[in-house]
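Before any comments, here is the structure.
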Amino acid sequence: MQIFLRTLLAIYLGHLAADFVFQTRRLVEAKLRGRLSAYLLHGLIHYLSAILLVGFFIPGSIAALSTHLVIAALTLVHLLIDFTKVQLAAKRVIRGGAGSYIADQLVHLLSVVLAAGLLSPGMSFRALTAPLQVSRSLGNKFLAVPVIYLGVIFGGGYLIRFLTRSLTESVKEEEFLKAAEQLQNAGLYIGWLERFLILTALLLQSPAAVGLILAAKTITRYPEFKSARFAEYVLIGTLLSVSLAFVGAVFLAWLIFGTARLSG
Numbered sequence: 000m001q002i003f004l005r006t007l008l009a010i011y012l013g014h015l016a017a018d019f020v021f022q023t024r025r026l027v028e029a030k031l032r033g034r035l036s037a038y039l040l041h042g043l044i045h046y047l048s049a050i051l052l053v054g055f056f057i058p059g060s061i062a063a064l065s066t067h068l069v070i071a072a073l074t075l076v077h078l079l080i081d082f083t084k085v086q087l088a089a090k091r092v093i094r095g096g097a098g099s100y101i102a103d104q105l106v107h108l109l110s111v112v113l114a115a116g117l118l119s120p121g122m123s124f125r126a127l128t129a130p131l132q133v134s135r136s137l138g139n140k141f142l143a144v145p146v147i148y149l150g151v152i153f154g155g156g157y158l159i160r161f162l163t164r165s166l167t168e169s170v171k172e173e174e175f176l177k178a179a180e181q182l183q184n185a186g187l188y189i190g191w192l193e194r195f196l197i198l199t200a201l202l203l204q205s206p207a208a209v210g211l212i213l214a215a216k217t218i219t220r221y222p223e224f225k226s227a228r229f230a231e232y233v234l235i236g237t238l239l240s241v242s243l244a245f246v247g248a249v250f251l252a253w254l255i256f257g258t259a260r261l262s263g
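So this is what it looks like as structure tokens:
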């Protein structure tokens, strides 16, 4: 159980880093155009991220051929999932919305779970259903922190962008918001910082700091609230952002401290 969880967290951290940190917008656009080189580069980044993290957190694993074979197979599956998603979207079989994004991430997570199982000899379903107290080892805590942070900050950012897409389109129609694309990108970056600060404040058991963060955001955006559509866009985006940060903080607090309480 211990090795399985640590392997799972290490591989999933590599997946999050490859998808949300090291995958640039230019690389995404090249993949959408069907560039083989873009898929190969993304695959290489994914493979290296996963194999290095597994090798670091599971001593001796990087020297095993089975580790490289499983991670290579996982990388191939990852690329096939990405390619299939692009092709289905191009043929309008699926819409590039929140539903397809969540489904895509769940399929990736399932493949990571299967890979971790293959790299954990003697793993059984009964072990998976055992009490999760074993999951709170120091190594697992250390890995869980960046996993939750990357998932909430970056993964959550793209989820919110998909959920608020209709509002974004209506905001673009406002005459005084001519730089709508820059506005959307700025909102994405602000959201990243916002969720990082809120998640950190809650883990430090300082919920009052969350109010200060939201107040500062409101003050800086106040002149733009003359637009009712923009105000709705910011309000909904902020509520979604805070909710994701809160859920991430509760789970991480339970994993690290053994309790879901976020205040002393």
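No gaps in the numbering here: position 22 of the sequence shown is 21 in numbering that gives the first Met the number 0, and each next residue is one more. Glycine is no exception: its CB is placed at the ideal position from the N, C-alpha and C atoms. No experiment lies behind these values; they were computed from the predicted model shown.
- Taking C-beta atoms under 8 Å as the contact rule, residue 146 and residue 15 qualify, at a distance of about 7 Å.
- Every unbroken stretch of the alpha helix (DSSP H) spanning 4 or more residues and falling wholly within the region 55–90 is given here in chain order: 64–89.
- Membership of residue 252 in the alpha helix (DSSP H) is indicated by the continuous run 227–256.
- Here the C-alpha atom of residue 204 lies approximately 24 Å from the C-alpha atom of residue 218.
- In the three-state reduction of the DSSP assignment, residue 21 falls in the coil class.
- The beta carbon of residue 80 sits closer than 8 Å to the beta carbons of 103, 106, 107, 110 from its chain, once the five residues preceding and following it are set aside; these are given in chain order.
- In the structure shown, residue 6 falls within a helical segment according to DSSP collapsed to helix, strand and coil.
- With 16 or more other Cβ atoms inside 10 Å of its own Cβ, residue 119 counts as buried.
- Taking residue 48 as the centre and dropping the five residues before and after it, the same chain places the C-beta of 13, 16, 17 closer than 6 Å to its C-beta, in chain order.
- Rounded to whole angstroms, residue 198 and residue 73 show a C-alpha spacing of 30 Å.
- In the DSSP annotation of this structure, the continuous segment of the alpha helix (DSSP H) that includes residue 142 starts and ends at 137–149.
- Here residue 101 is exposed. Its C-beta has fewer than 16 other C-beta atoms within 10 Å.
- Taking C-beta atoms under 8 Å as the contact rule, residue 30 and residue 85 qualify, at a distance of about 6 Å.
- By the Cβ neighbour-count rule, residue 28 is exposed, with fewer than 16 other Cβ atoms within 10 Å of its own.
- Taking C-beta separations shorter than 7 Å and ignoring five residues to either side along the sequence, the partners of residue 138 in its chain run 5, 56, following chain order.
- Taking C-beta atoms under 8 Å as the contact rule, residue 143 and residue 251 qualify, at a distance of about 7 Å.
- Apart from sequence neighbours up to five positions away, the residues of its chain that approach residue 8 with a beta-carbon distance below 7 Å are 139, 142, 143, 146, ordered along the chain.
- Closest in C-alpha terms to residue 156, from the list 65, 136, 148, 190, comes 190.
- By the beta-carbon neighbour count (other beta carbons within 10 angstroms, threshold 16), residue 92 is exposed.
- Membership of residue 116 in the alpha helix (DSSP H) is indicated by the continuous run 97–117.
- Ranking 90, 34, 96, 89 by CA distance to the CA of residue 78 puts 34 first.
- Sequence-distant Cβ neighbours of residue 208 in its own chain, meaning closer than 6 Å and more than five residues away, are 200.
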